[in-house]
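Residue numbers (my numbering), protein chains in the order written: chain A, 14 to 137; chain B, 14 to 137. No residue lacks a Cβ here, since even glycine has one placed at the ideal position from N, Cα and C. This structure is a prediction, so every number in the text was calculated from the model and none was measured. Remarks on the structure that follows.
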DNA sequence: AAACCATATCACCATATAGTTATCCGGTCA
DNA sequence: TGACCGGATAACTATATGGTGATATGGTTT
């Protein structure tokens, strides 16, 4: 409803948003387009975690976890705090959970609708 | 705020959402992680369009546009209506615009913050 | 029917990226 | 100091995917 997305269109009446803007938006979506990263974010929803914690929770290798965290960090989605040997990661942009909620709701409605169709077939 | 995303966590206290659920969510994000598809959706925001219309608007090849539209169609994000030689596409799940708005807002805030940092450096 | 048109699909190539292994780096502790 | 530990990074492989040109499909027009 904020209209930032819509604004790009209304401005020039036809042109749409710039290539760079679309690329940025797509890039943000791309970061969330990976189950492992979603799992990491979900784990961080419970509060600050070390890389080791996240390795344990996800069952992934340390290198893989570290790489994904690095990507999320570069994008500013998570923040990092180093203490002794450990790196503590935490959510820096909680709006991503709103995104996930929206997607979940949308998918849930779609599945419910499909289920209803099947039920309709059943009782013919 | 709906809490669908959060629910997965609160349920078992630690396990998180299932792999399939995360895969579905990631898949939805993956669809939006492409500038060309975002451009198509943006064009469709103005109402129903034929493939030819979208080819003209985006400047992409017909095959490419058709392929992307097919993906969005399979995911239920757009709907299709065939009339004569033409296929008319339209938005079927408008919640994607809410997603785009959220991302735009988040990115905008991030850029504004960075800009502020630079300004701070400027006037030292 | 034949020519034509809009769209969908196929086969292909080029590129991007997730995962793995090995290694490096910095800090801690004996 | 040297052994050890957590984490980051590099090199590599395998796979997924976007773009393209060619072709198939289904409907229209003459």
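query: Chain A beta carbons: is any one of them nearer than 7 Å to that of residue 17(B)?; result: yes
query: Would you give the residue range spanned by the alpha helix (DSSP H) that residue 56(A) belongs to?; result: 48-57
query: Per DSSP, what kind of secondary structure is residue 104(B) in: helix, strand or coil?; result: strand
query: Measure the alpha-carbon distance for residue 47(B) versus residue 64(B) and round it to whole angstroms.; result: 18 Å
query: Beta-carbon of residue 80(B) versus every beta-carbon of chain A: anything under 7 Å?; result: no
query: Looking at chain B, which residues of the stretch 114-129 of chain A have a Cβ within less than 7 Å of any of its Cβ atoms?; result: 114, 115, 116, 117, 118, 119, 120, 121 and 123
query: Looking at the strands, I want to know which residues DSSP matches up with residue 80(A).; result: Paired residues: none, contrary to the question.
query: Give the interface partners of residue 31(A) over in chain B, defined as CB-CB distance under 9 Å, in chain order.; result: Neighbours of residue 31(A) on chain B: none; closest Cβ ~10 Å, over 9 Å.
query: May I ask you to list, following chain order, the residues of the stretch 32-49 of chain B that have a beta carbon less than 9 Å from some beta carbon of chain A?; result: 32, 34, 35, 36, 37, 38, 39, 40, 41, 42, 43, 44, 45, 46, 47, 48 and 49
query: If we define contact as Cβ-Cβ less than 7 Å, is residue 108(A) a contact residue for chain B?; result: yes
query: Give the interface partners of residue 111(A) over in chain B, defined as CB-CB distance under 7 Å, in chain order.; result: 115
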